[in-house]
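> Here's a structure for you.
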Amino acid sequence: MKVLVTAFAMDAHFNGVVPLSWALRTAGHDVRVASQPALTDSITRAGLTAVPVGTDHQVQAVMGVMAPGVFALHRNPDYLENRPELLGAEFLEASASMLTAAFYAQINNDSMIDELVDFARWWRPDLVVWEPFTFAGAVAAQATGAAHARLLWGPDLFLRVHDRFRQALGEMPAEHRDDALEEWLTWTLERHGEAFRPEVISGHWTIDQMPPSVRLPTARPTVPVRFIPYNGPVPAVVPPWLRADPERPRVLLTQGITERSTGFTGLPRAGELLASIAELDAEVVATVKAEEREGLPPLPANVRVVDSLSLHAVLPTCAAVVHHGGAGTWATAALHGIPQLALAWQWDDVFRAGQLEKLGAGVFLPPHSEGASAGRVRDKLGQVLTEPSFRQGAARIRSEMLRTPAPSEVVPTLEELTGRHRSPGGRSPRG
Amino acid sequence: MPTTPTPAPAAVPTDSELGRHLLTVRGFHFVFAALGDPYARRLRGEADHLSLGELVRDRGPLHRSALGTWVTADGRLSARLSDDPLLAVRHPGTDGPQEHVRDNVWETWRTCHVTPLGEDLLTPAAAERDRLAALLGPVLGPRTCPAWQTDAERSVHRVLDGLPPRFDLVRDLARPAVVGSLATVLGLPDTARTELLELLPACGPALDSTLCPPRLPAARAMARALRRVRELMEAAVSTRVTDPAGDALSALLAVGPEGGRDPGDTVTAAVLSAVVGAEMAVVTVANAVMALLAHGEQWSLLLADPGRAADAVEETLRWAPPVTLRSLITQGEVEIGGETLEADQHVVVLVDAAQRDPELYADPDRFSLDRPSRPGFAHVALAGPDHVRLVAPLVRLQCTAVLRAVAERLPGLRPEGEPLRRGRSPVVRAPLSLPLAQK
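Chain order of the listed sequences is A and V. Counting from 1, one number per residue, gives the positions in the first sequence under UniProt numbering. Counting from 1, one number per residue, gives the positions in the second sequence under UniProt numbering.
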């Protein structure tokens, strides 16, 4: 079959679609990956076939204006800890409105959606697989009668909160119902001769890469798939020092690629953190951007600072990892059974970090709290290194993940679901 | 017969262009509301609008909101700004409709003139506004309007005649009474009256939509309804051009520069009365009835003397004005509240909060019919250099006629539920419905 994969141009969100794209390819399917032109190099470097569509999105500039307000609203603990039942209508309306304006409608810019629809009308995919914020994929699928599925990179906080929002709207007088996301998708679909359908938000089904104990059910069809690390634009190279076991327990300190590029970071200043962690009886490896490295104080001999590293190359040699909580870092560590110390503060990072602690596989330290000083991070890390329960907890998550079918094993399921949801014979080129 | 030249219509934005613009401005409101900005919180539609007004006043006579708009809730300053020629509804030195749909709001931060109406109804150029004022003065001006009182009262009573024991304040009383009196005064045919009644709810968001983006379908419905209202008025006016009668449209057609007739301006005056005037009158009637029913002793005063309806209207205009946020643009450098503002700055007056400024009004939260007759009483609810001032006399006439009739004929009125207000209505805070019963 023909599979159109799409993710808006941001590496962290693209990385999560690569292993399944390859699984589909090696199963003999024709796979093309569409995004804004800015992602073309990342797609082709991943060995995939790129379809650049539209002009580049401007979400970075928009977020420059909007981020403080967006983060101010979404520091709501009920939201971050996945307690959507506690979220009020006023919060939900504000959240949907600002995220649609500042994020969804930005990363899915009109020209990108329109060219994706045009491409799909010509190429006629059987299945569209879309990153869960890349609604353009759902629009193109509906416009061409293709089956379509969301491919999650993390727990499905978004759809859970959206479901709660729909429920809250149902309890309001009709005159007050305001769903910015549905409104935007309605006029976007109408531009292509289509009416809004709820599957444009939920997909015909969801492909979930989280281990079962971190997955969030949404009462919709879900295909679990094992997370496979793909390190994205960082070249996956094993340096000489990584070809032998460390003499002391190795600790990795890293912040994700998105926080590195956007500057919205929750981590304490790297220098202070490094100096403190280095007091432990451990070998510390830290990824620090070249420009930040100049500002670092002189560091002890047990610290190795590198610009970047392939996580799946270094993590199997580590005894623990300290990170910002991002999806790719979290899942790569989880797959390798490495205890984690997550300084998580935003979005699904918080829920994932909380689950980590609950499952005994690591520690969650909210970085903006009093308790996240460099000294406290060091002490907590010391605990993680010395108490075997963390390693055992991490091993439990790892075995859950290994029991989940690999991408290659879910391809037959995707074929079957595609046959069920695809409009028979497809549609005429103009809907 | 001289006619007003109509400016070339602006290209109509596509649904995606307009929708994205409305969405973006709404996003701005939510983002800065989340950061605590009281003006953004007002626009976003937080419930406790009066305490947000107090927060604005706490920041001094004038401050710059995080949205970039200068805002004031100061009573004295608001009175001054209502009369300052350096503050107007248009950007200085621009022609044609005031629209920012195709601007990149992320760069311009322009959150004024949010929704294009397809015409300059709410943003007349100074020359047009002065022409309309000169046209309306001899017919529906502050001194001349009372002449239509009997006509207005007659049509209001006709609406009351048909009220069932249980009815809705807005749907069954305020809106039909306001449209009925408007149609009678202007001399519209019955078919136009009926259609106007159906069109009015869709026109409703016009005043709100200058500052608060409506949902896209509402914006489109509003533009369609406005076009249709204009067609109705054009038809009514053209009838009166050939067949004058004793109504206000005929009288307006008889006024004009050097006694000539200007059907174009008469049509615009009629559209303003129907769109801006009727919305303000419906809202004021509804606000007044709600205020009176919530303040039993004031309701008793009016029942004892229905002739005090005018006092009830004036106090309602102060206590719960129909336009709570007035949007203005500086026409040149101007000093306001200790700040020097450049030309082309956006200034918003929180009228409702300014009219509860304790510096100007003793016991400002109290609703009292005795207040308007006290020396020095004034409010700015119908002031301003814009469309609001033009329709003010007719709005007063309509509201007074309705309240007087209600006091005379519905003394046993009581609420039978909670009022529902329109969504995305931070400017007008428009009541949509309130179930009422008469004994």
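For glycine and all other residues, C-beta sits at the position ideal for the given N, C-alpha and C. Treat the numbers as computed from the prediction; the structure is a model and nothing was measured.
Give the single residue among V:L173, V:L272 and V:D161 whose Cα lies nearest to the Cα of V:C203.
The residue with the shortest Cα to Cα distance from V:C203 is V:L272.
> Counting C-beta neighbours from all protein chains within 10 Å, is the total for V:L196 16 or more, i.e. buried, or is it exposed?
Buried: at least 16 other Cβ atoms inside 10 Å.
> List, in chain order, every chain V residue whose beta-carbon is nearer than 9 Å to that of A:M401.
Within 9 Å Cβ-Cβ: nothing; A:M401 doesn't reach chain V, min ~37 Å.
> Is A:L73 close to chain V, meaning its C-beta is less than 9 Å from at least one C-beta of that chain?
Yes, A:L73 lies at the interface with chain V (some Cβ there is under 9 Å from its Cβ).
> Could one say the Cβ of V:A174 lies closer than 9 Å to chain A's Cβ atoms, at least one of them?
No - not a single Cβ of chain A is within 9 Å of the one on V:A174.
> Scan the stretch 190 to 214 of chain A for residues whose Cβ lies nearer than 7 Å to a Cβ of chain V and list them as they occur along the chain.
The residues in question are E190 and R191.
> Residues in the stretch 90 to 109 of chain A with C-beta within 7 Å of chain V's C-beta atoms, listed in sequence order?
If the cut-off is 7 Å between Cβ atoms, the stretch 90 to 109 of chain A has A94, S97, M98, T100, A101, A102 and A105 near chain V.
> How is the beta strand (DSSP E) around A:K2 delimited, first residue to last?
First-last of the beta strand (DSSP E) with A:K2: K2 to T6.
> Can a CB atom of chain V be found closer than 9 Å to the CB of A:P68?
Judged by the 9 Å Cβ criterion, A:P68 is in contact with chain V.
> Compute the distance between the beta-carbons of V:V402 and V:V285, then report whether it is under 9 Å.
Closer than 9 Å, so yes.
> Residues of chain A with CB under 9 Å from V:V283, in chain order?
The premise fails here: V:V283 is roughly 15 Å from chain A at the closest Cβ pair, so nothing lies under 9 Å.
> Buried or exposed for A:H421, please, with buried defined as at least 16 other CB atoms from any protein chain shown within 10 angstroms of its CB.
By the 10 Å Cβ count, A:H421 comes out buried.
> With three or more beta-carbon pairs closer than 8 Å as the criterion, would you say the stretch 283 to 299 of chain V touches the stretch 222 to 234 of chain V?
No, because fewer than three Cβ pairs between the stretch 283 to 299 of chain V and the stretch 222 to 234 of chain V fall closer than 8 Å, the two stretches do not touch.
> Per DSSP, what kind of secondary structure is V:V271 in: helix, strand or coil?
Helix.
> Would you call A:E370 buried or exposed, if buried means 16 or more other Cβ atoms sit within 10 Å of its Cβ?
A:E370 comes out exposed.
> List the residues of chain A whose Cβ lies closer than 8 Å to the Cβ of V:L35, in chain order.
Result: P68, G69 and A72.
> Relative to the C-alpha of V:L390, which residue among V:R175, V:A270 and V:A312 is closest?
Residue V:A270 is the option with its Cα nearest to V:L390.
> Are the C-beta atoms of A:T329 and some chain V residue less than 9 Å apart?
No, its Cβ sits nowhere closer than 9 Å to a Cβ of chain V.
> Hey, quick one: how far does the alpha helix (DSSP H) through A:G362 stretch, first residue to last?
Taken as a continuous stretch (DSSP letters only), A:G362 belongs to no alpha helix (DSSP H), being part of the beta strand (DSSP E) at G362 to F364.
> Check whether the Cβ atoms of A:W330 and A:L296 sit closer than 9 Å, and answer yes or no.
No, Cβ-Cβ distance for A:W330 and A:L296 is not below 9 Å.
> Please compile the residues from chain V whose C-beta is within a distance smaller than 8 Å of the C-beta of A:V62.
Residues of chain V passing the Cβ test: W106.
> In three-state terms, what does DSSP make of A:F119?
Looking at A:F119 - three-state DSSP - the assignment turns out to be helix.
> What span of residues does the alpha helix (DSSP H) with V:T167 cover, start to end?
What sits at residue 167 of chain V in the sequence shown is Phe, not Thr. Not the alpha helix (DSSP H): V:F167 falls in the beta strand (DSSP E), residues R166 to D168.
> At 7 Å on the CB atoms, spell out the chain A contacts of V:G423, in chain order.
Ordered by position in chain A, the residues that pass the 7 Å Cβ test against V:G423 are E175, H176 and D178.
> Rounded to whole angstroms, what is the Cα-Cα separation between A:V51 and V:P426?
C-alpha separation (whole angstroms): 45 Å.
> Find the nearest neighbour of A:W130 within the set A:L341, A:V3 and A:S389, judged by alpha-carbon distance.
Comparing Cα-Cα distances from A:W130 to each of A:L341, A:V3 and A:S389, the minimum goes to A:V3.
> Can you list, in chain order, the stretches of the alpha helix (DSSP H) that have 4 or more residues and sit fully within the stretch 35 to 111 of chain V?
38 to 44, 49 to 58, 75 to 81 and 105 to 108, all fully within the stretch 35 to 111 of chain V.
> What are the start and end residues of each continuous beta strand (DSSP E) run of 3 or more residues lying completely inside the stretch 49 to 113 of chain A, in chain order?
Within the stretch 49 to 113 of chain A, the complete beta strand (DSSP E) runs of at least 3 residues are 50 to 52.
> Restricting to Cα atoms, I'd like to know which of V:P116, V:A254 and V:A362 is closest to V:E17.
With distances taken between Cα atoms, V:E17 lies closest to V:P116.
> Can you pull the chain A neighbours of V:F32, defined as C-beta to C-beta under 7 Å?
Neighbours of V:F32 on chain A, chain order: G69.
> Starting from A:V214, trace the beta strand (DSSP E) both ways and give me its first and last residue.
Premise fails: A:V214 is in no beta strand (DSSP E) and is neither H nor E.
> Assuming V:V334 is part of the alpha helix (DSSP H), what are its boundary residues?
From DSSP, V:V334 is part of no alpha helix (DSSP H) but of the beta strand (DSSP E) over V334 to I336.
> What three-state label does DSSP hand A:T144 in the structure shown?
Three-state DSSP puts A:T144 in a helix.
> Per DSSP, A:I397 forms a beta bridge with which residues?
According to DSSP, which records beta bridges pairwise, A:I397 is partnered with nothing at all.
> Kindly provide the ranges of any alpha helix (DSSP H) runs that are 4 or more residues long and lie completely inside the stretch 110 to 159 of chain V, ordered along the chain.
Segments of the alpha helix (DSSP H) lying fully in the stretch 110 to 159 of chain V: 126 to 140.
> Do three or more CB pairs link the stretch 118 to 128 of chain A to the stretch 139 to 146 of chain A at distances below 8 Å?
The stretch 118 to 128 of chain A is in contact with the stretch 139 to 146 of chain A.
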